[in-house]
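One structure is given here, and the rest of the page talks about it.
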Amino acid sequence: MLAFAMAVFTREQVHAVARLANLELDETEIELFARQLGDILAYADEVQKVDTSGIPPTASVLTRYPADRADQIRPSLSPQEALANAPDPAPDSQAKSGALFRVPRVIG
Amino acid sequence: MNPPETVRDIRDTVRGRSRSASEVCRIALDRLDAVEPSLHAFNTITRERAIARAAEIDGAFDRWRDRPLVGVPIALKDNLCTKGVRTTASSRMLETYVPPYDATVVSKLDAAGAIVIGKTNCDEFSMGSSNENSAFGPVHNPWALDRIPGGTSGGSAATVAAAITPLALGSDTGGSIRQPAAMCGVVGLKPTYGRVSRYGLIAFGSSLDQIGPLTRTVHDAALTLGVIAGADEADATSVPEAVPDFAAALTGDIRGARVGVPARLIEQGVDPEVAGAFEASLATLVSRGATLVDMDLPHARYATAVYYLVATAEASSNLARYDGVRYGYRDEGGRDSLHTMYARTRERGFGPEVKRRIMLGTYVLSAGYYEAYYLKAQQVRTLILRDYERAFEHVDVVAMPTSPTPAFKLGERVADPLQMYLADVFTVSANLAGLPAISVPCGFTRGQLPIGLQLTGRRFDETTLLRIADAYERDTDWWKQAPAL
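Chains as they are written, first to last, in my numbering: chain Y, 29 to 136; chain U, 357 to 841.
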C-alpha cells in the first residue's frame, strides 16, 4: 500500500505540473490550484481503499471494434480549408512546399 | 394551456401541410427572440441559414415529406462541429473557430429534414455541472432565472424547456445531458457508448463522451436516436450494432419488467423532496406492472472519484491540441519563442475549470503517480462495470434520482470545485460503464423546481430503457408543464 496522507499540493508541484501541461499560470492561480488540487486529490484518494489486486484496468468499454478499412487515398481537406482557421498561415507564394502553419522561432 | 409542441406534433403538422416549414421556423425564431434575453441559452443564432433551409424544404416538399424530422426546428450544443458556422465549445480558445466540416450527427439531422436555428451555450469544453464555466456567461434556468440550468448541456436543456425548439442535441461525459434535463424538466438520453458517432464532437473524455437528444417526450428521444445512431467509419469507436425502430418499441407494456433500486447508494445526501419524488415514481412503475428489485452496486460510491481521475487524464491529453498553431486563439505576447507562445496561449485561452482539469489530468498521468491514480482508477472502473453486469442478470433497468438536488442558485458552488463535482454522483457511473441512461421529469419541489428520474439500461438495449421510461411518462403529466416565461 502506498501512503496517501500527503494529498497536499505544494507550489513547486503546481509549477512542475504546469510546465508539463504547457500552462503559464499566474501567482493567484498557483495559490488557488495548490489548495484546490490538494482538496480534490484528497477526495479522489478514496479509490485507494478498494482492493484491486488481480483486477485488469478498463481503458475502453468497447468489446468489439469495427474491422480495419482498406488503406486508400480519399478526398480530404484542401490546404486552403486546413489553413482557414490558422492564427498565422503562411501564404502559398512564400512557401515552395505549399501552404504552411507559421510558428515563432523554435531554436536560437 | 396546451403543453408545448413535441417533435412529433411539429413534424406531423408540416408533413400534413397544415403549416409550412418556414412558418414553424419563424415561430421558433420569434420564441427565441422573446426569451433569449432572459436565458442566454445560445452562443450563435443561425437565423438566415434556418430561414433559407426552411424555404428549401418547402420548395421541394415532395423530396422531404417522408423524412423523420421534416421541418422540425432544432438546436445543437456548441461543441458539435457545423460546417461554416462558428463552433466555440464556449471557450475563448475557439471563439472564432469555423469548422470546415459537419459532425456526423449534424449531417444525419440535416438529411432527416431538421432545421438548425443555433448553437447552444454550455460549460467550456463540457467541463462543469452548472453551465457557469462558459466563457460567454452562464445560462439561466427557465423555471427560476436565478438558478443554474445544470450542465454541461445547459443551453440545450433550457432551449427545450422554454419551448424554443422541441429538440436539442447535447453531449454527456459524466451526466451532461441527463443532469441539465432533470434540472430543466425535460427528457435527456445518453445512448450506449459506441451507439452514436462522435465524429465532429469536440473531445473531452474520449472513452466517456457520447452525443444524445434532449426532448420533451421519451418518444421524441427515441425518434431522434433512430436518426443519429449507427456505425460511422469516421469514428472507430462507433459500433456496427443493428439500429432498431426505437419509437416502435414504445408499447406502454412493462408488465414483468424488473426495476433495480440500489437503495444503499441513494440513502444519503439526497434532498428530501427529490427522494420523495423518486419514491413516488417507483410506485408509478409498480402500478404499471413492473417489479422492484433491491440491489447493490458496491463500487458505485467510488464512481465520482474514479470519474475525476479518468476524465481529467483524458482531457489533459485531448486538450493538448490547443496550442495556437492550427486553429483557435494565439497569444501574440509569446512571439519570441514557440514554448512561450504555447504556454501563454493556453493560459489566456482556457478558463479556470479547464486549466484545473488539465492540471489534475497531467498530474495523475505523470511519472510516479500514474499507477497510484490513473491505473488504480481504471481498475476500480472495471469493478463498477462488473457491478452493473452482475445487476443486469436480475434487473432490466436500474433506477436512481438523476441529481441529488434540484437546480441550485447561480454562484452558489463556484468557489468550491469539489462540491460541484459531487453533483454528478448518480450520473457518472453510466459513462464509466458505457451504459445507456435516460432522465425523465418525475416531479417538482414546492418551489416549482423540476426533479428527474434516471433509468440506466443494458449496453445497446435502449429499446427496453426507452419502453420503461415511456410507460412511466404515460402515467404522469410532469412533462406537459412549462415554465411561465
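For each residue, glycine too, the CB sits at the ideal point set by N, CA and C.
DSSP three-state label for residue i, please.
{"i": "I794 of chain U", "result": "strand"}
{"i": "P806 of chain U", "result": "strand"}
{"i": "D591 of chain U", "result": "strand"}
{"i": "F417 of chain U", "result": "helix"}
{"i": "V736 of chain U", "result": "helix"}
{"i": "A840 of chain U", "result": "coil"}
{"i": "M483 of chain U", "result": "coil"}
{"i": "L606 of chain U", "result": "coil"}
{"i": "F748 of chain U", "result": "coil"}
{"i": "T832 of chain U", "result": "coil"}
{"i": "A585 of chain U", "result": "strand"}
{"i": "F800 of chain U", "result": "strand"}
{"i": "L65 of chain Y", "result": "helix"}
{"i": "I471 of chain U", "result": "strand"}
{"i": "L388 of chain U", "result": "helix"}
{"i": "V720 of chain U", "result": "helix"}
{"i": "V681 of chain U", "result": "coil"}
{"i": "L638 of chain U", "result": "helix"}
{"i": "L557 of chain U", "result": "strand"}
{"i": "V308 of chain U", "result": "Past the edges of chain U, shown from 357 to 841, lies residue 308 of chain U, and the structure says nothing about it."}
Residue i bridges to which residues according to DSSP?
{"i": "N497 of chain U", "result": "U:A500"}
{"i": "T647 of chain U", "result": "U:R614"}
{"i": "D528 of chain U", "result": "U:Q566"}
{"i": "T476 of chain U", "result": "U:F398, U:K433"}
{"i": "L523 of chain U", "result": "U:I430, U:T571"}
{"i": "A118 of chain Y", "result": "Y:L128"}
{"i": "T438 of chain U", "result": "U:V441"}
{"i": "V753 of chain U", "result": "U:V615, U:G813"}
{"i": "K765 of chain U", "result": "U:R503"}
{"i": "K546 of chain U", "result": "U:A793"}
{"i": "V552 of chain U", "result": "U:A585"}
Compare the Cα-Cα distances from residue i to each of the options and report the closest residue.
{"i": "A524 of chain U", "options": "U:A384, U:V595, U:G586, U:I407", "result": "U:A384"}
{"i": "L821 of chain U", "options": "U:V751, U:E709, U:P498, U:L694", "result": "U:V751"}
{"i": "G550 of chain U", "options": "U:A840, U:E818, U:D368", "result": "U:E818"}
{"i": "R39 of chain Y", "options": "Y:L53, Y:E59, Y:R47, Y:L51", "result": "Y:E59"}
{"i": "A789 of chain U", "options": "U:K711, U:H655, U:A763", "result": "U:H655"}
{"i": "D772 of chain U", "options": "U:R712, U:T548, U:S490, U:A676", "result": "U:R712"}
{"i": "A110 of chain Y", "options": "U:Y453, U:A445, U:L425, U:P600", "result": "U:Y453"}
{"i": "P107 of chain Y", "options": "Y:Q41, Y:L128, Y:V134, Y:L51", "result": "Y:L128"}
{"i": "L53 of chain Y", "options": "U:G582, U:Y698, U:T761, U:D831", "result": "U:Y698"}
{"i": "V134 of chain Y", "options": "U:H695, U:P455, U:T444, U:V630", "result": "U:H695"}
{"i": "L653 of chain U", "options": "U:V626, U:D609, U:R742", "result": "U:R742"}
{"i": "T580 of chain U", "options": "U:T832, U:G544, U:W499", "result": "U:G544"}
Within its chain, find whatever has a CB closer than 7 Å to the CB of residue i; leave out the 5 residues flanking it on each side and keep chain order.
{"i": "G799 of chain U", "result": "A633, A636, I807, W834"}
{"i": "A619 of chain U", "result": "D650"}
{"i": "M786 of chain U", "result": "Looking at the sequence itself, residue 786 of chain U is Ala, so the reference to Met does not match. Excluding positions up to five away in sequence, the list reads K546, A793, T812."}
{"i": "T529 of chain U", "result": "S482, F560, G561, L564, D565, A667, N787"}
{"i": "A459 of chain U", "result": "L436, C437, Y555, G556, L557"}
{"i": "V36 of chain Y", "result": "G66"}
{"i": "A578 of chain U", "result": "F602, A603, L606, L822"}
{"i": "R375 of chain U", "result": "T369"}
Give every residue of the same chain whose Cβ lies closer than 6 Å to the Cβ of residue i, excluding the five residues on either side of it in the sequence, and list them in chain order.
{"i": "V666 of chain U", "result": "A733"}
{"i": "R423 of chain U", "result": "A468, G469"}
{"i": "D826 of chain U", "result": "V574, L606"}
{"i": "I401 of chain U", "result": "G474"}
{"i": "R387 of chain U", "result": "I520"}
{"i": "A585 of chain U", "result": "R551, V552, V599"}
Would a C-beta distance cut-off of 9 Å place residue i and residue j closer than the cut-off?
{"i": "F417 of chain U", "j": "M483 of chain U", "result": "no"}
{"i": "A114 of chain Y", "j": "R682 of chain U", "result": "yes"}
{"i": "R704 of chain U", "j": "D692 of chain U", "result": "no"}
{"i": "R814 of chain U", "j": "A605 of chain U", "result": "no"}
{"i": "R702 of chain U", "j": "I714 of chain U", "result": "yes"}
{"i": "A397 of chain U", "j": "G511 of chain U", "result": "yes"}
{"i": "G531 of chain U", "j": "P569 of chain U", "result": "no"}
{"i": "L641 of chain U", "j": "V662 of chain U", "result": "no"}
{"i": "D434 of chain U", "j": "N399 of chain U", "result": "yes"}
{"i": "T738 of chain U", "j": "L90 of chain Y", "result": "no"}
{"i": "A537 of chain U", "j": "V391 of chain U", "result": "no"}
{"i": "V720 of chain U", "j": "I567 of chain U", "result": "no"}
{"i": "V380 of chain U", "j": "A431 of chain U", "result": "no"}
{"i": "L809 of chain U", "j": "Y744 of chain U", "result": "no"}
{"i": "P359 of chain U", "j": "G541 of chain U", "result": "no"}
{"i": "G625 of chain U", "j": "L395 of chain U", "result": "no"}
{"i": "V630 of chain U", "j": "S447 of chain U", "result": "no"}
Report whether the distance from the Cβ of residue i to the nearest heavy atom of the ligand FAD is below 8 Å.
{"i": "G506 of chain U", "result": "The model on display carries no ligand, and the ligand FAD is accordingly not part of it."}
Suppose the cutoff is 8 Å on Cβ atoms and the five residues either side in sequence are ignored; what does the same chain contact list for residue i look like?
{"i": "E488 of chain U", "result": "D479, P494, I504, G507, L766, G767, V770"}
{"i": "T86 of chain Y", "result": "none"}
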